[in-house]
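Chains as they are written, first to last, in my numbering: chain W, 11 to 425; chain R, 211 to 564. Even for Gly, the Cβ is constructed at its ideal location relative to N, Cα and C. On a predicted model such as this, the values are computed, not experimentally measured, just so you know. Below: the structure, in structure tokens.
Written out as structure tokens, the structure reads:
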């Protein structure tokens with residue numbers, strides 16, 4: 011506990027005893043509040059203007075890092091997915107990559123494309139979720155329903171690809187769980203066409219709506235230097251003019267071969283952050299098209315590293331090749347080796363660009379069936395600090411306009 | 211006293227009750243049309259329409275499960291029953307008397323303007339003498355909102371108080387707009403008499419056409435006063451939970467939710483009479499059916515259409531910020547209201563008035 015806690019009361023937000031200034035009105039927004047998500051924002055108001063904002067995180071903390079130390083290597087993948095189930099592939103990918111570094115294996119080319127494909131599908135679904143929540147914060151229920159309805163398209167694509175809507179557990183050590191079904195490319199292209207058309211409609215009713223523009227323009231501005239100072243990541247940093255994207259600075263999986271741009275906005279206000287997500291969805295659609303083209307052109311050979319594939323029983327291989335009529339094609343169960351996998355001692359770190367920004371894993375092994383230590387730093391955790399510095403000086407009604415624009419996700423930063 | 215006499219006495223009392231209390235025009239207008247009963251029917255329809263129209267825009271069904279054949283129309287009845295039997299929680303820190311009385315007072319006072327408006331041009335069915343009816347109706351329409359502030363204060367909840375403060379800001383802003391816009395027809399026609407105002411519009415020239423700025427101003431002021439989108443500010447969910455109604459539950463919450471719509475209904479009726487021709491082009495005939503029910507039905511239908519347009523805006527707009535709404539009101543709408551007044555004066559001067 012820090013100094014000054016004479017009464018033994020720790021200096022934690024919401025637990026400290028402080029004199030409130032005269033004419034200041036303290037409102038606790040959350041943790042159980044329609045506009046807060048699973049967190050609390052302690053706001054001090056002078057009239058209608060926020061003078062002090064304290065984001066109080068930890069309401070949905072689930073001790074994930076500690077839990078990971080008691081589970082087998084493969085069982086941690088479904089665990090870490092629970093941080094952000096709508097962005098499951100991006101969230102677990104760096105863990106898988108870090109463990110692969112320790113195992114010293116490289117996934118086959120096809121697996122890299124499959125991973126990138128699902129990452130982009132997840133990114134779109136995650137952005138659409140963010141757009142929808144943001145819109146309903148501003149009272150715009152139409153775009154909320156539209157975004158959530160259109161997100162269903164990509165959730166369906168993910169289901170076609172992986173067999174699960176949200177918690178796919180798709181990337182595993184050495185590869186992915188299954189290959190694309192035969193009708194996937196045409197469905198994906200259809201979804202891409204549909205989404206391009208829908209994004210124009212979003213702009214018409216939402217982003218170019220004078221009412222919404224008035225709410226967002228010039229609200230919650232973060233300058234480029236301030237964003238760098240606070241360590242903002244992901245679309246929020248790019249909306250402030252920082253061209254930083256892990257796919258750009260440290261390309262992973264199939265991204266070096268894919269052709270895409272990193273959209274950057276200079277304004278740094280809530281409107282720029284909203285547009286940033288729309289532009290990123292457009293880029294992700296391009297990537298999906300390229301990945302699907304590549305997957306269609308190249309033969310289906312190896313979506314799993316040989317080290318694991320050779321341990322698969324004959325039944326698995328028969329199912330994969332479609333020799334067993336009642337079981338779907340191109341799918342396998344988890345390789346038997348995963349159950350007793352022991353990872354060589356060592357330390358590894360990996361990072362990817364998740365929907366909300368850079369997600370970083372540090373994995374340490376002491377050669378046992380369970381990790382020695384897994385450390386996760388999530389993008390929402392790094393973005394949350396911005397609330398404390400950006401919100402003061404704005405009006406109370408700007409709180410949702412700023413909060414929503416950051417595409418917050420408390421379960422992700424609480425881990 | 212034998213049975214026959216007793217029956218006659220009772221039936222006389224019943225007839226008297228029926229004829230002199232229920233059909234006494236001020237009471238009838240307050241209770242039946244266009245007062246409580248009509249308002250409730252319209253509000254139930256309007257909430258259903260609002261949800262259904264928004265659902266159509268948003269690519270979903272809206273209310274459906276209760277009676278899919280009628281598009282879930284009885285959903286609101288089910289909701290009302292739920293509100294009625296729900297537990298009524300009154301916080302121990304709340305001011306009991308004000309907490310209970312304010313919603314009811316608000317409901318009754320929102321309907322009060324209905325006692326001052328004519329539904330026909332036949333003087334037999336007027337609730338009050340019509341000499342200054344526009345002025346009286348406008349004055350009565352300004353009574354209700356203060357009770358939202360009372361509710362907020364009585365709830366003793368921070369969100370309620372913030373909502374109440376917002377409501378009071380909005381009241382001050384919209385009231386002047388609504389009053390000036392409604393009264394802008396007076397210099398044009400040289401009368402406060404609503405019957406004369408409607409009779410003038412029989413010619414087919416609605417005052418909304420003669421003075422569209424006043425109509426637009428009034429429309430926006432009504433949206434502001436009844437926290438319709440894009441001005442759903444006092445009970446903005448994402449910061450203030452339910453604003454002044456945060457602590458309310460059960461039937462009183464239902465009354466609060468309906469209260470805004472009923473106020474909107476009262477304003478819509480007033481707007482219909484002043485700007486949209488009232489019962490024009492129909493000319494009330496003899497008898498209660500042709501002389502009262504048909505014209506009142508026309509007014510009800512027109513006012514319902516006005517409400518439907520207001521409800522539809524939910525699907526198009528988000529909400530403005532409080533200071534943006536206030537600056538819109540004070541810097542744009544009030545000058546426009548004065549301009550509308552000036553237009554009326556000019557039209558009177560240049561002889562548009564017959």
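Interface flag, residue i vs chain R, CB-CB below 8 Å
i	result
residue 43 of chain W	yes
residue 71 of chain W	no
residue 224 of chain W	yes
residue 60 of chain W	no
residue 405 of chain W	yes
Residue i - containing alpha helix (DSSP H), residue span
i	result
residue 318 of chain W	316 to 319
residue 545 of chain R	544 to 559
residue 291 of chain R	285 to 295
residue 420 of chain W	420 to 424
residue 237 of chain W	234 to 240
residue 195 of chain W	194 to 212
residue 64 of chain W	Run containing residue 64 of chain W: none in the alpha helix (DSSP H); it sits in the beta strand (DSSP E), 59 to 66.
residue 106 of chain W	98 to 113
Limits of the beta strand (DSSP E) - the one that residue i falls within
i	result
residue 370 of chain W	367 to 375
residue 35 of chain W	35 to 39
residue 508 of chain R	Where residue 508 of chain R is concerned, there is no enclosing beta strand (DSSP E), although the alpha helix (DSSP H) it sits in stretches over 504 to 522.
residue 51 of chain W	50 to 56
residue 386 of chain W	383 to 387
residue 356 of chain W	356 to 364
Cross-chain neighbours of residue i in chain R, by beta carbon under 7 Å
i	result
residue 161 of chain W	Neighbours of residue 161 of chain W on chain R: none; closest Cβ ~13 Å, over 7 Å.
residue 147 of chain W	448
residue 175 of chain W	Here the premise fails: no neighbours, minimum Cβ distance about 19 Å.
residue 221 of chain W	440, 527, 528 and 530
residue 410 of chain W	448 and 449
Exposure label - residue i; buried when at least 16 CB within 10 Å
i	result
residue 463 of chain R	buried
residue 361 of chain W	buried
residue 235 of chain W	exposed
residue 426 of chain W	The structure shown does not extend to residue 426 of chain W, since chain W is modelled only from 11 through 425, so no value can be given for it.
residue 512 of chain R	buried
residue 495 of chain R	exposed
residue 256 of chain R	buried
residue 213 of chain W	exposed
residue 287 of chain R	exposed
residue 313 of chain W	buried
residue 418 of chain W	buried
residue 321 of chain W	exposed
residue 196 of chain W	exposed
Neighbour list for residue i in chain R, Cβ cutoff strictly below 8 Å
i	result
residue 37 of chain W	368, 369 and 372
residue 156 of chain W	268 and 269
Below-8 Å beta-carbon distance, residue i vs any chain W residue
i	result
residue 542 of chain R	no
residue 309 of chain R	no
residue 301 of chain R	no
residue 269 of chain R	yes
residue 546 of chain R	no
residue 312 of chain R	no
residue 264 of chain R	yes
Within chain W, partners of residue i - CB distance below 8 Å
i	result
residue 525 of chain R	151 and 152
Chain-ordered chain W contacts of residue i [CB-CB under 7 Å]
i	result
residue 534 of chain R	224
residue 396 of chain R	Correct list: empty, because the minimum Cβ distance to chain W is about 33 Å.
residue 568 of chain R	Past the edges of chain R, shown from 211 to 564, lies residue 568 of chain R, and the structure says nothing about it.
Contacts that residue i makes with chain W (C-beta to C-beta distance below 9 Å)
i	result
residue 431 of chain R	Within chain W, no residue comes near residue 431 of chain R; the closest Cβ sits about 17 Å away, beyond 9 Å.
Determine contact between the region 321 to 341 of chain W and the region 187 to 199 of chain W, defined as no fewer than three beta-carbon pairs at a distance below 8 Å. Counting Cβ pairs under 8 Å, three or more are found: they touch.
Spell out a yes or no on whether the region 365 to 372 of chain R and the region 529 to 538 of chain R are touching, meaning 3 or more CB-CB pairs, one atom from each, closer than 8 Å. Too few Cβ pairs lie closer than 8 Å, so no.
Quick one: any contact between the region 119 to 139 of chain W and the region 258 to 271 of chain W, if contact means 3 or more CB pairs under 8 Å? yes
Mind the definition here: the region 439 to 458 of chain R touches the region 356 to 363 of chain R only if three or more C-beta pairs lie below 8 Å; say whether that holds. yes
Inspect the CB distances between the region 543 to 561 of chain R and the region 381 to 399 of chain R and report whether three or more fall short of 8 Å. yes
Report yes or no: do three or more beta-carbon pairs, one from the region 399 to 413 of chain W and one from the region 249 to 261 of chain W, lie closer than 8 Å? no
Any contact between the region 218 to 232 of chain W and the region 368 to 381 of chain W? By contact I mean 3 or more CB pairs, one from each, below 8 Å. Here the region 218 to 232 of chain W does not lie against the region 368 to 381 of chain W, with fewer than 3 beta-carbon pairs under 8 Å apart.
When the Cβ atoms of the region 240 to 260 of chain R are set against those of the region 97 to 108 of chain W, are three or more pairs found closer than 8 Å? As far as the Cβ criterion goes, the region 240 to 260 of chain R does not touch the region 97 to 108 of chain W, which means the pair count is below three.
Taking contact to mean 3 or more Cβ pairs, one atom from each stretch, closer than 8 Å, check whether the region 370 to 382 of chain R and the region 316 to 324 of chain R are in contact. No: fewer than three Cβ pairs fall under 8 Å.
Tell me whether the region 202 to 217 of chain W and the region 273 to 288 of chain W touch, counting them as touching only if at least three CB pairs, one residue from each stretch, are closer than 8 Å. yes
Kindly confirm or deny that the region 506 to 522 of chain R and the region 475 to 483 of chain R touch, where touching means at least three C-beta pairs closer than 8 Å. Yes, the region 506 to 522 of chain R is in contact with the region 475 to 483 of chain R.
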